[in-house]
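Let me begin by presenting the structure, written as structure tokens, before commenting on it.
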Amino acid sequence: MDKKVTGILAYITWIGWLVAFFAGDKEGAKFHLNQALIVNIAQIIIGVLGVIPFVNIVAGLLGIFVFVCWIIGLIAACKEEEKEIPLIGGIKILK
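According to the numbering used here, the sequence shown is numbered sequentially starting from 613.
As structure tokens, then:
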């Protein structure tokens, strides 16, 4: 897979991220692989926080924020731009 397809696929669920990581152009799409991983981890954390009473309201708002970040990342991958996701985009997990 080329850089663009790998970047787009990384944002489509965990399975898409795994396929992009193992079968895609890792070097070319490393930026989007990292950004998508951060968004996926944030979604899991927010999902766990969402089951706690009274915290679920804040978790819901954070969930909307992470969804918007996911859309921003997906659009950037479609345009082949390396645009960081707001607030959480500076975190580097993949080297």
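For each residue, glycine too, the CB sits at the ideal point set by N, CA and C.
Buried or exposed: residue i, going by 16 or more other Cβ atoms within 10 Å of its Cβ?
| i | result |
| --- | --- |
| Val678 | buried |
| Trp626 | exposed |
| Val660 | exposed |
| Ile620 | buried |
| Ile664 | exposed |
To the nearest angstrom, how far is the alpha carbon of residue i from that of residue j?
| i | j | result |
| --- | --- | --- |
| Glu694 | Trp682 | 14 Å |
| Leu706 | Lys638 | 10 Å |
| Ile658 | Lys691 | 28 Å |
| Asp614 | Val667 | 41 Å |
| Ile669 | Gly662 | 8 Å |
Confirm, please, whether the CB-CB distance from residue j to residue i is below 8 Å.
| i | j | result |
| --- | --- | --- |
| Ile697 | Gly685 | yes |
| Ala671 | Ala641 | no |
| Ala654 | Ile700 | yes |
Short of 6 Å in beta carbon distance, which residues of its chain neighbour residue i, apart from the five on each side in sequence? Order them along the chain.
| i | result |
| --- | --- |
| Ala688 | Lys695 |
| Leu674 | Ile658 |
| Thr618 | Ala632, Gly636, Asp637 and Ala641 |
| Gly628 | Leu621 |
For residue i, collect the residues of the same chain with a Cβ closer than 7 Å to its Cβ; drop the 5 residues on either side in sequence, then sort them by chain order.
| i | result |
| --- | --- |
| Ile676 | none |
How about residue i: is its Cβ closer than 7 Å to a heavy atom in the ligand FMN?
| i | result |
| --- | --- |
| Gly701 | The ligand FMN is not among the ligands present in this structure, which contains no ligands whatsoever. |
Keeping to the same chain, check which residues put their C-beta closer than 8 Å to that of residue i; ignore five residues upstream and five downstream.
| i | result |
| --- | --- |
| Ile650 | Ile697, Ile700, Gly701, Ile703 and Ile705 |
Worksheet item: If you pair each beta-carbon of the region 628-635 with each one of the region 643-651, do three or more pairs fall below 8 Å?
Response: yes
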